[in-house]
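Using our numbering, the letters of the sequence shown map in sequence onto residues 14 to 125.
Report on one structure; see the data block that follows.
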Amino acid sequence: MKPIEVTVPALQKGIDAITLWPFIIYRRGVRDNLPLRCHEWFHWRHALRWGVLPWYAVYLLLKPFYLGARSHLHPFEAPAYALQQKIIDMQAAGESLDGPLAELGMACPSAG
Ligand SMILES: [Zn+2]
């Protein structure tokens, strides 16, 4: 099972992408940003594991405590941003992304 990824001309100011299960919606021009895609795929898989409705309920309940500069600290955002940064660092180091991409289910299944 994989997200349905769509690109739209624009999203709310300051937002590049949003996971609205079963969709991941990207602002035009950012879909090739692999670290960002990994961030959103992490949310998508996290919501699937939790159950989509409980995930969004808890996300929204916690949101008022993590506004503005604190938004990265939201308990559902912190691991997504950590993964995003890990991908950025691995890309910069020229390391293989096979491991994290396979964990997210983003890698193409190999034959055999
Ligand atoms: Zn996020």
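Every residue gets a Cβ at the ideal spot worked out from N, C-alpha and C, and that includes glycine.
To which residues of the same chain is residue i closer than 7 Å at the C-beta, ignoring the five residues directly before and after it?
i: P16; result: P35, F36, I37, W54 and W57
Does the distance between the C-beta of residue i and the nearest non-hydrogen atom of ligand 1 fall short of 7 Å?
i: H56; result: yes
i: E90; result: yes
i: H59; result: no
i: A93; result: yes
Pull up the distance between the alpha-carbon of residue i and that of residue j, whole angstroms please.
i: H85; j: I100; result: 17 Å
i: A95; j: A82; result: 16 Å
i: Y69; j: A60; result: 8 Å
i: L66; j: L33; result: 11 Å
i: L24; j: A30; result: 8 Å
i: D45; j: P77; result: 31 Å
i: G27; j: S109; result: 30 Å
i: M14; j: A120; result: 13 Å
Label residue i either buried or exposed according to how many other C-beta atoms from any shown protein chain fall within 10 Å of its C-beta, with 16 as the threshold for buried.
i: L80; result: exposed
i: A91; result: exposed
i: A105; result: exposed
i: Q97; result: buried
Could you pull out every residue in the same chain whose Cβ sits closer than 8 Å to the Cβ of residue i, ignoring the five residues on either side in sequence?
i: L75; result: H87, P88 and F89
i: G64; result: none
*Does the region 49 to 58 touch the region 111 to 118, meaning 3 or more C-beta pairs lie closer than 8 Å?*
Yes: at least three Cβ pairs fall under 8 Å.
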